[in-house]
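These notes concern the structure reproduced below.
Residue numbers (this note's numbering): 1114 to 1254.
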């Protein structure tokens, strides 16, 4: 009935993440995307150090996917204007750095991307208490 290779802890973690996603505000979902990209990039660095080529590639691909199909795709250019355009350019730069890191085994490039993601995540987290953000989140629910 249950897969012998599936860990109950992994199943619990998946359920926890799915529950978090379904109950999260749009603002919180973006924070979760940042967290996922940071974790994937950190994992790529660890795999690079351990010379685990396939795992490094998978982690870099996951980070690029989150940045491109999550963070960048969620930008509203009409509402965000110049800020959204700058973030889009920064996300494209991060993806280029991730590709470079994967090809050249450049851990400094991975560290740079983690730093950029962390900085933007921090700024995003700070605006959570802004009344305009709170009312926009409530309107979208």
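Where is the CB? At the ideal position from N, CA and C, for every residue including glycine.
This structure is a prediction, so every number in the text was calculated from the model and none was measured.
| Item | Value |
| --- | --- |
| Given residue 1183 as reference, the closest of 1191, 1164, 1230 once Cα atoms are compared | 1230 |
| Euclidean distance between Cα positions of residue 1224 and residue 1151 | 10 Å |
| Beta-carbon separation (whole angstroms), residue 1209 vs residue 1173, contact threshold 8 Å | Actually they are not in contact, since the Cβ atoms of residue 1209 and residue 1173 sit about 12 Å apart, beyond 8 Å. |
| Where residue 1149 falls, given that 16 or more other Cβ within 10 Å makes a residue buried | buried |
| Cβ neighbours of residue 1146 in the same chain (closer than 6 Å, five flanking residues each side left out) | 1179, 1183, 1184 |
| Residue 1159 to residue 1232 span [Cα, whole Å] | 21 Å |
| Residue 1222, buried or exposed, once every other Cβ within 10 Å from all chains shown has been counted against 16 | buried |
| Residue 1163 (DSSP reduced to helix, strand or coil) | coil |
| Close-in-space but distant-in-sequence residues of the same chain around residue 1201 (CB under 7 Å, 5 per side omitted) | 1185, 1188 |
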